[in-house]
Amino acid sequence: MKKKVRWSIAVVFEQIESNSKWLSHQWRCVGVAPSHSIDSVTSSGAFLFHPSHIELHEDEVDGYFHNISAQRVKCFAAYSLENDRPVIQCTTFSWDLADSYGQGECTVDAVPLPAELYPEFEAFVLEHYCPQPRKKRRNSPQKASAEAHL
Numbered sequence: 126m127k128k129k130v131r132w133s134i135a136v137v138f139e140q141i142e143s144n145s146k147w148l149s150h151q152w153r154c155v156g157v158a159p160s161h162s163i164d165s166v167t168s169s170g171a172f173l174f175h176p177s178h179i180e181l182h183e184d185e186v187d188g189y190f191h192n193i194s195a196q197r198v199k200c201f202a203a204y205s206l207e208n209d210r211p212v213i214q215c216t217t218f219s220w221d222l223a224d225s226y227g228q229g230e231c232t233v234d235a236v237p238l239p240a241e242l243y244p245e246f247e248a249f250v251l252e253h254y255c256p257q258p259r260k261k262r263r264n265s266p267q268k269a270s271a272e273a274h275l
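All the letters of the sequence shown, read from the start, carry residue numbers 126 to 275 under the numbering used here.
This is the structure:
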């Protein structure tokens with residue numbers, strides 16, 4: 126049976142002044158925190174707290190390993206704007222998944238991983254990560270000579 130790890134979190138957005146002459150402000154993700162109390166989007170001045178969750182999947186463990194191997198472990202928040210407010214599409218610890226959202230229509234911000242989530246995240250990666258053996262490519266002399274005669 127596959128192990129499932131899931132956390133409820135709050136994604137914190139800050140509204141900042143824009144340098145663009147077409148926008149008065151823009152949003153950026155400034156942090157995530159474990160949360161069991163925020164169950165709806167709440168606003169406090171220039172800050173917006175958006176409920177979300179992070180779920181770890183065994184098939185994304187390569188992306189988690191890239192993250193945990195980095196100097197600074199990150200949490201990635203992928204979001205789009207609807208009615209001038211950020212709407213979370215995905216929160217993840219996987220570099221690969223964050224990159225795929227970034228290549229689409231979403232904005233992806235990276236913020237530090239909350240320290241209280243790190244031990245369980247690290248344990249999950251260490252339990253499930255199996256590096257693939259590197260295969261050395263060899264040129265076949267017979268194949269090379271056959272291609273030369275074509």
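Beta carbons are placed, not taken as given, at the ideal position from N, Cα and C, and that holds for glycine.
When only Cα atoms are considered, Ala240 and Lys261 end up about 39 Å apart. Boundaries of the beta strand (DSSP E) around Ser177: 172-181.
Sequence-distant partners of Ala235 (beyond 5 residues in either direction) whose C-beta falls short of 6 Å from its own C-beta, in its chain, are Lys199, Phe201.
Cβ-Cβ distances below 6 Å link Gly227 to Val233 in the same chain, with the five nearest sequence neighbours on each side left out; the list follows chain order. Of the candidates Glu230, Asp221, Lys129, Asp221 places its Cα closest to the Cα of Tyr189. In the three-state reduction of the DSSP assignment, Ser225 falls in the helix class. Listed in chain order, the non-local C-beta contacts of Val130 below 6 Å within the same chain comprise Leu181, Phe249, local neighbours out to five positions each way being set aside. Here Ile213 has Val136, His175, Ser177, Ala202, Tyr204 as same chain residues with Cβ atoms under 7 Å from its own Cβ, once five neighbours each way along the sequence are excluded.
Comparing alpha-carbon positions, the option among Phe218, Ser143, Val157, Leu206 lying closest to Asp184 turns out to be Phe218.
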